[in-house]
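Take -17 as the starting number for the sequence shown in our numbering and just add one per residue.
Heads up, the beta-carbon is just placed ideally off N, CA and C, and yes, glycines get one too.
Below is one structure, written out as structure tokens; comments come after it.
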Amino acid sequence: MTRSEKGYTIVELLVVVSMTMTIMGISVYNLRNLERPLKTGSAQLGGFFKQARSKAIATTSAYRVYAISNSQVATTYGVNCDNATTTFDSDLTYNLPTELEFTSTAWEVCFSARGIANDNITVTMEDKEGNTSTVEVFLGGAVRIDEV
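In structure tokens:
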């Protein structure tokens, strides 16, 4: 083959293919970390508590957050946390990812119109492998997510 002929040698093609496969392998390995339902679910639940607290402050109503099943969370609102008459807020509900469920549904927290929680609660969720993650709501209304 002379220098004037155009084209690629087999060595050049093999180098390009091997570099491409290496980059793809690294990408797939890094994308696997995005599929962590326990971390995703705990972050979303923490965000849900923060959203309920923000809505309580914005509307000057008390917002109660509670589990309605081992994978669903709902909210009601009323005049204050002691009010027996509350209204279901259909816009503010949350479903855990399908791989997760709560270890207990015996919890609830109410955010006052000032965003103060009426109780310090810890919500634990579990995946199919038995790994757990917790989301804690403090009396002041702050939310902490324990990393998995």
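Quiz item: When you compare only the Cα positions, how much space is there between A25 and T67?
Solution: In the sequence shown, residue 25 corresponds to position 43, counting from 1. In the sequence shown, residue 67 corresponds to position 85, counting from 1. A straight-line Cα-Cα distance of about 31 angstroms links A25 and T67.
Self-check item: alpha helix (DSSP H) runs wholly inside the stretch -12 to 32, at least 4 long, in chain order
Solution: Taking only runs of at least 4 residues, the alpha helix (DSSP H) segments lying wholly in the stretch -12 to 32 are -8 to 14.
Practice problem: Classify D109 as buried or exposed, calling it buried when 16 or more other Cβ atoms lie within 10 Å of its own Cβ. | Solution: Position 127 of the sequence shown holds residue 109. D109 comes out buried.
Quiz item: Do you know whose CA, among T42, G23, S9, S43, lies nearest T106's CA?
Solution: As a first step, residue 106 is located in the sequence shown; it is residue number 124 there, counting from the start. Ranking T42, G23, S9, S43 by Cα distance to T106 puts G23 first.
Exercise. Check the C-beta distance from A44 over to N65 and give it rounded, since I have them as a contact under 8 angstroms.
Key: The residue you call residue 44 lines up with position 62 of the sequence shown. The residue you call residue 65 lines up with position 83 of the sequence shown. Between N65 and A44 the Cβ distance is about 7 angstroms, and since that is below 8 angstroms, they are a contact.
Self-check item: For I5 and Y11, the rounded distance between their alpha carbons
Solution: If you number the sequence shown from 1, residue 11 lands on position 29. If you number the sequence shown from 1, residue 5 lands on position 23. The alpha-carbon atoms of Y11 and I5 are separated by roughly 10 angstroms.
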